[in-house]
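Trainee: Anchor point for the sequence shown: position 170 equals 170 in this note's numbering, and the numbering is continuous, going up by one each time. Don't be surprised by glycine CBs; every beta carbon is placed ideally from N, CA and C. Since we're looking at a predicted model, the values are computed, not measured.
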Amino acid sequence: MADDEEMKKAFPLTQILPEPVKKRVNALKNLQLETLKLEASFFIEVYKLEYEYHQRMKAIYDKREKIISGTVEPTEEECKLNNAIQENEPDPESASLIKELREKLEICKLIEEGYKGIPEFWLTIFKNVEITNDMIQPHDEPILKFLTDVQLEINSLSVENMGFRLIFIFADNPYFTNSSLTKEYVMKCAPDDSDPWSFEGPEIYKCKGCTIDWKKSMNVTLKTIRKRQRHKSRGAVRTVVKYVQNDSFFNFFNPPSVPDGGEMDEETQALLTSDFEIGHYIKDKIIPHAVLYYTGEALEDEEFDDEDESSESDFDNDDDDDDEEDDDDDDGESDGDAPHNEPAEVKSKTKLKKKNENAQQQQQECTQQ
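#1: Excluding sequence positions up to five away, which residues of its chain have a Cβ less than 7 Å from the Cβ of K127?
#2: Between the region 202-212 and the region 183-192, do three or more beta carbon pairs fall short of 8 Å?
#3: Helix, strand or coil for K215, going by three-state DSSP, please let me know.
#4: Which of helix, strand or coil does DSSP assign to S248?
#5: Report the three-state DSSP secondary structure of Q137 (helix, strand or coil).
#6: Using only alpha-carbon positions, find the residue among L17, K58, L272, N173 that is nearest to P288.
#7: Looking at the structure shown, is V21 part of a helix, part of a strand, or coil, going by DSSP?
#8: In the DSSP output, what is F164 paired with across the bridge?
#9: Assign V237 to one of two classes, buried (16 or more other C-beta atoms within 10 Å of its C-beta) or exposed (fewer than that).
#10: For L13, count neighbouring Cβ atoms within 10 angstroms of its own Cβ and tell me buried if that reaches 16, exposed if not.
#11: Using the rule of at least 16 other Cβ atoms within 10 Å of the residue's Cβ for burial, across every protein chain shown, is N219 buried or exposed?
#12: Could you give the DSSP three-state label for S348: helix, strand or coil?
#13: Please look up how many angstroms separate the CB atoms of I125 and I286, rounded, as I've assumed it's under 8 Å.
#14: How about I143 and N178: are their beta carbons less than 8 Å apart?
#15: In angstroms with no decimal places, state the Cα-to-Cα distance between L17 and N26.
#16: Among K37, K22, K23, which has the Cα closest to the Cα of G201?
#17: Using only CA atoms, which one of E113, E160, Y175 lies nearest to K215?
#18: Is the distance from the Cβ of F253 to the Cβ of C210 below 8 Å?
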């Protein structure tokens, strides 16, 4: 009996079934394909609704940006919260501690010096959120202090044009000349012909960054590596300077490219999967609820899946190398040269799962009613 069970596991059920039953199963699969096509149509309608309501929200986002930047000062009436969400006054002991902490905050010093708006609003958000905080290095923070707004553009209603663009607006700064940096994501919403059963709704499958026009010696995405090389026969020593990729938040705007055939190694696949998750998180979570991520309130009920990732550099700043002299393709690259950004494309299994499940649940509720 046990042997029979093991044999069954060794072959797909469809290969074991009697031919009449197999035909009926095939008929059911065709019905399943019809269901998937209807689901795809449903998600496309949801996308159209999202596009429509995003256009309405733009006016609110514009006003938010003006308050953050200090262009507009909200009225006293606008600053009042209703009683249901008004915070309770702290007890005397807590009030004393809060006062002490407030005096140490840099933001308080900036406000005392006449700073308008909310200093470092977006930097604070990205440091509060685990998925983006992991991207930020110490050398990124001074640059991100110049980030004044993060905007979202959702592509028009054409099914072939599904996708969105994130726009990071920067004030004039000593690091690069761009007034904005962009990241584009392309989506699809149709079952894959070769693997239709994996369809769960819209998915991101392609992204494209932008070129950052770094000012001289300000490119934080590259680091200088100096290696000492000793000639085997002559014993002469020379120093070779290389520029290699440096960990930085701004690598977000330079996603890895994929070969024309679409094949990629596991590391590239993992990088793009993570990239898609970050882009979707910024679009659906951070931008619509920015103030709650600034205060940390949006994080209280969120659960994160922690995935430990580690990487080691293959380079040392002062490394003896006894190899023969060799040509180095990295020689001559300067800090001001940003890598060229080609579109990155991957058939990722990164699904907009939570959102799609919610949309399906709403559909079922409407059907029941």
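Mentor: Result, derived from the coordinates:
#1: Here residue 127 refers to the residue found at position 127 when the sequence shown is read from its first residue. The residues are N133, I136.
#2: yes
#3: Numbered from its first residue, the sequence shown carries residue 215 at position 215. The answer is coil: DSSP assigns K215 none of H, G, I, E or B.
#4: Mapped onto the sequence shown, residue 248 falls at position 248. Looking at S248 - three-state DSSP - the assignment turns out to be coil, as it is neither helix nor strand.
#5: Residue mapping note: residue 137 aligns to position 137 of the sequence shown, counting from 1. Coil.
#6: Stepping through the sequence shown from its first residue, residue 288 is reached at position 288. The shortest Cα separation from P288 among L17, K58, L272, N173 belongs to K58.
#7: In the sequence shown, the residue the question calls residue 21 occupies position 21. Note: V21 maps to helix in three-state DSSP.
#8: Taking the sequence shown and counting its residues from 1, the one referred to as residue 164 is at position 164. Answer is I154, Y185.
#9: Locating residue 237 in the sequence shown gives position 237, where the first residue counts as 1. V237 comes out exposed.
#10: Working through the sequence shown from its first residue, we reach residue 13 at position 13. Answer is exposed; the Cβ neighbour count stays below 16.
#11: Residue 219 sits at position 219 when you count from the first residue of the sequence shown. Classification for N219: buried.
#12: Within the sequence shown, numbered from 1, the residue matching residue 348 stands at position 348. Residue placement at S348 cannot be trusted, given a pLDDT of 47 that sits under 50; what the coordinates show is reported in the next sentence. In the structure shown, S348 sits in coil (DSSP, three-state: anything other than H, G, I, E or B).
#13: Translated into the one-based positions of the sequence shown, residue 125 becomes position 125. Translated into the one-based positions of the sequence shown, residue 286 becomes position 286. The pair is a contact, with the Cβ atoms about 6 Å apart (cut-off 8 Å).
#14: The residue you call residue 143 lines up with position 143 of the sequence shown. The residue you call residue 178 lines up with position 178 of the sequence shown. Going by C-beta atoms, I143 is not nearer than 8 Å to N178.
#15: If you number the sequence shown from 1, residue 17 lands on position 17. If you number the sequence shown from 1, residue 26 lands on position 26. Computed Cα separation, rounded: 11 Å.
#16: For the purposes of this step, residue 201 is taken as the residue at position 201 of the sequence shown. Per the Cα distances, K37.
#17: Counting from one through the sequence shown, the residue named residue 215 turns up at place 215. Cα-wise, what sits closest to K215 is Y175.
#18: Along the sequence shown, one-based indexing puts residue 253 at 253. Along the sequence shown, one-based indexing puts residue 210 at 210. Against a cut-off of 8 Å, the Cβ pair of C210 and F253 comes out as a contact.
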